[in-house]
Amino acid sequence: MTDENLTENIDERLKGIENNIRKNMSLSSVPVLMEAIRTHPDHPHVNYLLGLSHYKNRNLEKAMHYALRAVELDGTGDSYLTLLAKLYTEDGDDKAAESYAQAAFTRNPANWEAALVLAKMAFEKNDLPRALELVDQVLEHSPKSFAALRLKSKIYLQQEEELETILASIEESEKYGYDDAIEYDRVYAYYIHGRFDECRRIHKELERTRPLSHSTEKVGKLIATMQSSRLARRVPHADYFHMDAAHSNRKVKVSLEESLAELNELIGLAEVKETINRIVKLVEYDKKRAYMLSIEKNEQPSYHFAFSGNPGTGKTTVARILGDIFYSLGILESGQLVEVDRSDLVGGYVGQTAQKTKAVIESAMGGVLFIDEAYSLASSDSDSLDYGSEAIDTLIKAMEDHRNDFIVILAGYDTGMKQLLKSNPGLSSRINMQIDFEDFSDQELLEIAKAQAKDNHYTLTEEAEQAFKVKINQEKVVPQFANARAVRNIMEEAMRERAFRLSEKSVTKADLVILEPLDFGIDPNQLFGDNIEDLMAQLRNLVGLKDVKKQVSSIMNYVRAEKRREKMGHPMNDLSLHMVFTGNPGTGKTTIARLISQILKSIGVLKRGHMIEVTREDLVGQYVGQTGPKTLEKIKEAYGGVLFIDEAYSLYSASENDFGYEAISALIKEMEDNRDKLVVIMAGYPSEMEQMLSMNSGIRSRIAYTVDFPDYDSEELTEIFHMAATQQGFVLTEEAQEKVKNLFVQSYTTRDSHFGNARTARSLFEKAKLHQSNRLAEDEDADLFTILPEDIEEI
């Protein structure tokens with residue numbers, strides 16, 4: 001083949017590859033392109049597509065390398081220039097980015113991607129007319145471009161266009177995509193037009209549905225600025241009629257009970273809740289005492305706080321609830337929360353800081369002034385030009401002069417807050433309550449994560465919960481661990497990762513509502529979170545089964561020793577842990593099998609530790625060709641855990657035409673080929689199981705252990721009955737106890753192959769409850785939890 005034909009052939013192939021990349025199949029395109037670059041290293045389009053693939057996969061360094069090479073080989077390609085412009089934008093080199101984007105747009109005015117880059121740069125320079133002109137050109141060629149539509153709505157916001165125009169633009173963009181800032185932009189549209197009531201409504205809905213979203217946090221800060229100091233803001237004339245309703249500091253009345261309920265329902269924060277509940281009781285007691293003794297007070301005590309703790313521990317949330325509580329107690333006039341930091345208080349020249357601080361204090365009158373990272377106001381001895389001390393002095397004076405008019409909460413890291421209060425006695429003397437916000441425990445962080453997942457219509461699988469704990473503990477090594485904020489970031493990243501992983505796959509409805517370990521970047525094969533000692537204790541605490549427990553413990557101890565040797569670098573013996581459980585019904589076979597699955601997961605042998613329980617009906621089909629796939633489906637469902645086959649002997653039949661043979665054949669193969677993926681436990685009556693094993697050497701050779709489950713004796717059955725009663729709060733009279741004991745002695749002595757063992761004990765207890773309920777219906781004065789002899793029927 002000639003070079004010309006070869007080039008023509010690769011050009012045709014590159015069209016298909018480029019189409020795949022545009023459809024977000026860039027990851028699979030890289031290997032093909034790497035092969036192409038080896039044969040055509042100087043082909044500009046091959047270099048460009050490699051750059052584009054790496055750009056889509058966020059490998060920016062490689063993307064830059066190939067994009068530069070493409071432009072070097074062909075400086076007229078506008079798509080090459082556009083990619084380079086995007087990469088320079090990512091790199092922060094706006095000058096180079098604008099140069100390449102302009103060159104691309106000049107060569108091809110229909111290149112909307114280049115126009116979009118230029119539009120974003122014009123917007124950042126506040127050249128709004130130029131940005132809008134470019135955006136409109138983008139939308140002419142790509143009317144469904146989410147990025148362009150979002151930029152257009154932001155331009156309208158900056159230009160303070162009519163409210164309807166801005167909202168229509170935001171709604172149009174939502175048809176083609178979504179980002180976390182949309183809700184903030186929507187609220188800001190209402191805000192600049194003075195529709196504060198609508199701002200509060202949306203914020204309340206966001207707090208209910210997306211409490212940990214960054215957008216909700218930003219909206220909350222915007223809401224806090226909507227106080228009296230903001231009333232001078234320009235408002236359209238039509239809204240002046242609603243000034244009283246929209247701009248009043250007075251909040252909608254919230255009862256004390258509602259506020260305390262909201263506080264006490266927060267996850268974690270036990271000591272914080274206790275402290276605030278104590279404060280409420282003291283305030284209520286003081287008010288009651290003053291009323292009963294006719295004590296007249298000229299002024300009430302001040303309530304200023306220092307909140308210390310890492311970020312994301314709920315300080316802002318608790319501060320808001322405190323405002324509601326003190327409003328309900330009549331201590332605060334309105335109870336609004338004004339949240340500020342150093343930048344809101346400190347100016348750049350002499351005199352400006354006092355003005356800014358006074359304005360903020362004025363806006364907080366009647367409510368709570370929450371100063372985040374308050375320690376940043378303390379200037380160092382070496383910095384004579386820092387005006388933070390001026391803000392502190394102004395604050396101290398207001399805290400004294402207006403001690404009954406507002407509450408100050410200083411918040412920040414524990415060390416920083418201690419240094420701040422230690423360095424300024426005037427400030428510390430006015431802070432009469434200090435509350436420490438401890439980091440959330442792993443379980444509390446998991447509860448926060450599950451709540452956020454629920455709000456986004458997801459649930460975490462058991463493995464995902466363990467993966468989340470691994471991920472959150474990785475975050476904990478960072479100084480000033482961000483707690484709930486870290487949870488929010490991890491969960492949002494997990495949801496994005498799941499969307500990316502499933503974007504090119506065929507998914508079921510169930511796939512769309514769960515999060516799995518891989519979404520958290522955690523290998524599920526390394527999740528062994530169950531406590532081995534707890535599980536072994538559960539095994540030991542089972543009633544009876546002395547020999548069974550001893551044998552199972554020995555097997556588990558052997559496996560643990562093998563895993564320990566493996567961790568030390570020694571090769572691990574080839575483990576085969578398939579088992580046969582023989583015994584009559586109700587002897588604990590299923591319970592022991594489930595414990596084994598969990599123990600093996602904890603040791604690290606099984607990756608999931610679940611148990612799939614099946615019978616012949618679940619494995620054997622009704623016609624030729626159905627059984628094999630049906631059996632394999634259940635086996636694969638059990639991968640990483642235990643496949644428990646009850647009445648396994650029913651798979652074997654004297655008739656060679658029975659489809660059970662097909663199930664056994666599939667099972668034997670899987671037990672050999674995938675013994676590292678699952679443990680098979682076959683259970684059934686002793687004689688039938690022995691007959692099955694003797695007639696199929698393939699299964700017998702793959703069974704490593706046989707465990708015999710004896711019948712429970714009368715004393716053990718009596719103990720099982722009493723345990724069931726105790727767990728549900730019931731007690732037996734002495735006569736009833738004696739009757740139960742005698743019944744089990746008789747039942748055990750006369751038992752046959754159908755003896756139900758523990759099922760008999762549990763069934764007897766359930767029937768006793770039923771008879772007791774009939775007796776209680778005739779005698780309402782009888783004790784609800786006492787079982788009498790007449791409640792117990794013959795077995």
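With full-length UniProt numbering, letter number 232 in the sequence shown gets 232, and the count goes up by one each step, no holes.
From the three backbone atoms N, C-alpha and C, an ideal C-beta is built for every residue, glycine too.
Treat the numbers as computed from the prediction; the structure is a model and nothing was measured.
Sequence-distant Cβ neighbours of VAL543 in its own chain, meaning closer than 6 angstroms and more than five residues away, are GLU716, GLU719 and ILE720. In the DSSP annotation of this structure, TYR705 is not part of any alpha helix (DSSP H); the continuous beta strand (DSSP E) holding it starts and ends at 705-709. Taking every protein chain shown into account, the CB of GLY698 has fewer than 16 other CB atoms within 10 angstroms, so this residue is exposed. The C-alpha of GLY583 is placed about 48 angstroms away from the C-alpha of ILE490. In the structure shown, the three-state DSSP call for MET689 is helix. Within the UniProt domain "AAA+ ATPase" (301-441), complete beta strand (DSSP E) segments of at least 3 residues are found at 305-309, 337-340, 368-371, 407-412 and 433-437, given in chain order.
Between ILE331 and ASN404, the C-beta spacing is below 9 angstroms. The residues ILE787, ASP791 and ILE792, in chain order, have a CB closer than 6 angstroms to that of ALA768 in the same chain once the five nearest residues on each side in sequence are set aside. Here DSSP, grouped into helix, strand and coil, assigns VAL620 to coil. GLN336 and VAL138 have their C-alpha atoms roughly 44 angstroms apart. Residue state for GLU217 is assigned as helix, using DSSP reduced to three classes. Cα atoms of PHE755 and THR313: separation of roughly 57 angstroms, rounded to the nearest angstrom.
The alpha carbon of LEU322 has as its nearest neighbour, out of THR209, SER259, SER363 and SER302, the alpha carbon of SER259.
Membership of ASP523 in any alpha helix (DSSP H) is not indicated, and neither H nor E is assigned to it by DSSP. With fewer than 16 other Cβ atoms from the protein chains shown falling within 10 Å of its own Cβ, GLU566 counts as exposed. For HIS45, the number of other beta carbons within 10 angstroms of its own is at least 16, and it is reported as buried. Take the alpha-carbon of LYS15 and the one of GLU339: they are about 55 angstroms apart. CA-to-CA, the gap between HIS65 and LYS120 works out to about 24 angstroms.
For GLY583, the enclosing beta strand (DSSP E) begins and ends at 579-583. Annotation for THR733: THR786, ILE787, LEU788 and PRO789 place their beta carbon closer than 8 angstroms to its own, counting only its chain and skipping 5 residues before and after. Counting only the Cα atoms, ARG775 lies some 50 angstroms from LEU606. In this structure, ASN456 keeps its C-beta atom at 9 angstroms or more from the C-beta atom of HIS304. Here GLY569 is exposed, its C-beta having fewer than 16 other C-beta atoms within 10 Å. About 12 angstroms separates the beta carbon of PHE307 from that of ILE407, a gap too long to meet the 8 angstroms contact definition. CA-CA distance, VAL548 to SER687, rounds to 18 angstroms. For the options LEU266, GLU160 and ILE182, the alpha carbon positioned closest to that of PHE146 is the one of ILE182.
About 4 angstroms separates the beta carbons of LEU345 and ALA391, which is inside the 8 angstroms limit, making them a contact pair. Under the three-state reduction of DSSP, THR786 is assigned to strand. Each residue's CA atom was taken as its position, placing ARG759 and GLN728 some 17 angstroms apart. Taking the C-beta atoms as reference points, MET695 is found nearer than 9 angstroms to TYR652. Going by beta carbons, VAL642 and ALA683 fall outside the 9 angstroms limit. Around the Cβ of PHE500, a 10 Å sphere holds fewer than 16 other Cβ atoms; the residue is exposed. With respect to LEU222, TYR191 sits close: the two C-beta atoms are nearer than 9 angstroms. Runs of the alpha helix (DSSP H) spanning 4 or more residues and lying entirely within the segment 83-124 occur at 94-107 and 112-124, in chain order.
Counting along the chain, ASP673 sits inside no beta strand (DSSP E); it lies in the alpha helix (DSSP H) bounded by residues 660-673. Secondary structure of ALA638 (DSSP, three-state): coil.
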